[in-house]
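> So that we are looking at the same thing, I have put the structure below in structure tokens.
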Amino acid sequence: MTPIAKRLLLTFLLFSFSLTAEADMKVILLGTGTPFADPEKSGPATAIIVDGQAWIVDAGPGVVRRASAAHIAGENALAQPNLSRLLITHLHSDHTLGLPDIMYSPWTLDRTDPLQIWGPPGTQGMVQNIEAAYSEDREIRLMGAEPASEQGWQTKVRETRGGVIYQTDALTIEAIPVCHGDWTLAFGFKFIHEGKTVVISGDTTYCPALEEAAKGADILVHEVYDGAALALRKPEWQNYHSKAHTSAEDLGHLATNAGVKSLVLYHQLTFRGSKEAIMAQVASRFSGSVTWGEDLMVFNLE
């Protein structure tokens, strides 16, 4: 068995075990990768399961297949017909290359409800362009012999500039404007359910607004880069990443200031450094619980 196969098997077994515990709210890392094509990490995507409903944050490449793996392991909320709610942090390609997949693959696998999408300005245009690109596919499926739902391919897009985007008696979701390089608007998302709080950073440099939103969070899922390794890259890349992403030391500082209970690292830019280096840099500023996120990890909040 290859090292990758062994690792995927171990991840699958750990994932299956974690699903034996019932929880009103779960965080499932569907993809923890970056634009670097790591074969063991799908693109950024995180599922928040609240009372059996899946909310997927970002649609990095591989999102639908990772959701299918989670479903096979026992998470029914991530069955293909149930993939109907998507939040987009920003429109970078590594966070949206899975958007056509989540728009159309679940539809061909019996989704009957429209896909609801929340995202920054420009989301509607991106969705319309995808719909135009797949118009012939859609027509053949709807007009031909294939059984196909009239509603399951459709989308309902809500563009936001930040603030509360969804609220019921049980669940509040807030879009937090963050600081991601040249993007005018990029978001993190905050979920509050029955006294439990989860915050997903999206892509951001150290951002006071996100720190404020994460105060007392039960789980903060946050991107990170190796500051020491970045210092060895070309100056133009140092300039870019320092304005677009969060160094491990800055993240440790943020987590300490916010008083988060558990910090989960994803979208880890090692720059040929190491997991151990990033973990040590975070630990130099934060003494709380830190987890190096891997695809299909599950975190239960009870």
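Heads up, our numbering is the position in the sequence shown plus 3, with the first residue counted as 1.
Each residue gets a CB set at the ideal place from its N, CA and C atoms; glycine is no exception.
Values in this document were obtained by computation on a predicted structure and should not be read as measured data.
(1) If you count every other CB in all the chains shown that lies within 10 Å of the CB of E197, and 16 or more means buried, which is it?
(2) In the DSSP assignment, find the beta strand (DSSP E) that holds W110 and state where it starts and stops.
(3) Should D298 be flagged as near chain D, meaning a C-beta pair shorter than 8 Å?
(4) Does DSSP put Q119 in a helix, in a strand, or in coil?
(5) Can you give the beta carbon distance from T97 to G155, rounded, assuming they're within the 8 Å contact cut?
(6) Please report the distance separating the alpha-carbon of A258 from that of L145.
(7) Should D206 be labelled buried (16 or more other beta-carbon atoms within 10 Å of its own) or exposed?
(8) Determine, using beta-carbon pairs with one atom in the segment 180 to 191 and one in the segment 90 to 104, whether at least three such pairs fall under 8 Å.
(9) Could you tell me if N79 is buried or exposed, where buried requires 16 or more neighbouring beta carbons within 10 angstroms of its beta carbon?
(10) Quick one: measure Cβ to Cβ for V67 and D104, integer angstroms, because I've assumed they're closer than 8 Å.
(11) Which residue marks the beginning of the alpha helix (DSSP H) containing A26, and which one marks its end?
(12) For H248, which option in L174, L33, G63 and V181 has the closest C-alpha, if you only look at C-alpha atoms?
(13) In this structure, how does DSSP classify T126 when only helix, strand and coil are distinguished?
(14) Less than 7 Å between C-beta atoms, sequence neighbours within five positions excluded: which residues of the same chain meet that for Y2?
(15) Indicate the three-state DSSP secondary structure (helix, strand or coil) for T208 in the structure shown.
(16) Determine which residues share a DSSP beta bridge with Q83 and list them.
(17) Check this for me: beta carbons of K237 and G184, under 8 Å apart or not?
(18) Go through its chain and collect everything with a Cβ distance to H270's Cβ below 6 Å, but skip five positions before and after it.
(19) Go to Q271, then tell me how far its beta strand (DSSP E) extends in each direction, as first and last residue.
(20) Check each candidate in G230, E142, T175 and A216 and name the one with the smallest Cα separation from Y107.
(21) Cβ of G230 within 8 Å of Cβ of A261?
(22) How many angstroms separate the CA atom of H74 from the CA atom of K278?
(23) Under the three-state reduction of DSSP, which class applies to K218: helix, strand or coil?
(24) Using the rule of at least 16 other Cβ atoms within 10 Å of the residue's Cβ for burial, across every protein chain shown, is A136 buried or exposed?
According to the data block:
(1) Per the 10 Å Cβ criterion, exposed.
(2) Boundaries for W110: no beta strand (DSSP E) harbours it, while the alpha helix (DSSP H) harbouring it runs L102 to T111, taken from the DSSP string.
(3) Judged by its chain identifiers, the structure shown contains no chain D, having just a single protein chain.
(4) Q119 falls in the strand class under three-state DSSP.
(5) Just to set this straight, residue 97 is Asp in the shown sequence, not Thr. Not confirmed; about 26 Å, so no contact.
(6) If I take the Cα positions, the gap works out to 49 Å.
(7) Label assigned to D206: buried.
(8) Yes: the two stretches touch, three or more of their Cβ pairs being nearer than 8 Å.
(9) Counting other Cβ atoms within 10 Å of its Cβ, N79 stays below 16 and is therefore classed as exposed.
(10) A Cβ-Cβ distance of about 5 Å is found for the pair V67 and D104, placing them in contact under the 8 Å criterion.
(11) Per DSSP, A26 lies in no alpha helix (DSSP H) and is assigned neither H nor E.
(12) Among L174, L33, G63 and V181, the Cα nearest to that of H248 is on V181.
(13) In the structure shown, T126 falls within a helical segment according to DSSP collapsed to helix, strand and coil.
(14) Outside the displayed span of the chain (4 to 305) sits residue 2, for which this structure offers no information.
(15) Coil, per DSSP.
(16) Residue pairing of Q83 in beta bridges, as defined by DSSP: absent, with no partner found.
(17) In terms of Cβ geometry, K237 and G184 do not form a close pair [threshold 8 Å].
(18) Here the set comprises T37, P47 and E226.
(19) Run containing Q271: S265 to L272, per the beta strand (DSSP E) assignment.
(20) Among G230, E142, T175 and A216, the Cα nearest to that of Y107 is on E142.
(21) In this structure, A261 does not lie closer than 8 Å to G230 by Cβ.
(22) Taking the straight line joining both Cα atoms gives about 28 Å.
(23) In the structure shown, K218 sits in coil (DSSP, three-state: anything other than H, G, I, E or B).
(24) Under this definition A136 is an exposed residue.
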